[in-house]
Amino acid sequence: MDPRTRLTVLHRRLEACKACPSMIGPVVHGPPIVTPVLLVGQAPGPREGGFGKPFAWTAGKTLFRWFEAAAGVSEQEFRDSVYMSAVARCFPGKAGGGGDRKPDRDEMARCQQFLAGEVDILQPRLVIPVGGVAIEQVLGHKGPLVEVIGEARRIRWHGVEADAICLPHPSGASTWHRVEPGRTLLARALDLIARHPAFVTAFAPNRRAGAA
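All residue numbers for the sequence shown refer to our numbering, where the first residue is 9 and numbers rise by one.
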């Protein structure tokens, strides 16, 4: 099967998954885009299920604003050119303090089969982990964001070698990316992503189509 068909089959399996009793459906995933760029988030929020796509609410507006400012790409161009995944695909529910609950270790482990499948199909050359949970999953890094944001790291993940460029979570509850040194490190990371050969390649077909 070609990669797009393989992704479609994987999405059907994903949509049928009922492995985590505490997670709240529906399963959220993007379209079966074949691209060398893979973005990995944490988990859908409470609104994404209704829209049927990742980063469809407040955090998404911030994320796409970052890329529009840094790379001159619109939200739709980004969705058409970057495969958007996550370490968990259902809404984990609310935490005791009112924020979204982070998926637990077992929930993330159950979702790993789908993430590993996507990596195997796409063979990405650039992976963009967004937020601490995704960064830990991709890099194994549990330390401060200042240690990883603003640089490119060579990784081997699910058997595939790629560059990883991390981003902070664009949540409105976080101030990290709005104050120093987070603001400067975020700008540096976005510039690295915008200039990465895989990112440039991913957007080239859509840019050519727009020019025509």
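All C-beta atoms in this analysis are idealised placements derived from N, C-alpha and C, irrespective of residue type, glycine included. For clarity, every value in this text was computed on a predicted model and none was experimentally measured.
- In this chain, the alpha helix (DSSP H) harbouring Leu130 covers Arg113 to Leu130.
- It is roughly 8 angstroms from the alpha-carbon of Asp128 to the alpha-carbon of Gly167.
- Boundaries around Ala195 are those of the alpha helix (DSSP H), Gly190 to Arg203, since no beta strand (DSSP E) includes it.
- According to the DSSP assignment, Val17 belongs to the alpha helix (DSSP H) that extends over Pro11 to Glu23.
- Taken through DSSP and simplified to helix, strand or coil, Arg133 comes out as coil.
- In this structure, the alpha-carbon of Phe59 lies about 24 angstroms from that of Gly140.
- Ranked by Cα distance from Val48, the first of Val36, Arg55, Pro54 and Arg186 is Val36.
- The beta carbons of Ala197 and Ile157 sit closer together than 7 angstroms.
- It is roughly 16 angstroms from the alpha-carbon of Gly68 to the alpha-carbon of Leu194.
- Under the three-pair Cβ rule at 8 angstroms, the region 13 to 26 does not count as touching the region 62 to 76.
- Contact annotation, Cys98 with Gly33: C-beta distance approximately 5 angstroms; criterion of less than 8 angstroms satisfied.
- For Tyr91 and Trp184, the gap between their C-alpha atoms comes out near 25 angstroms.
- The closest CA to that of Ala94, considering only Lys110, Gly106 and Gly105, is found on Lys110.
- In this structure Leu134 is in contact with Ala206, their Cβ atoms being roughly 4 angstroms apart against a cut-off of 8 angstroms.
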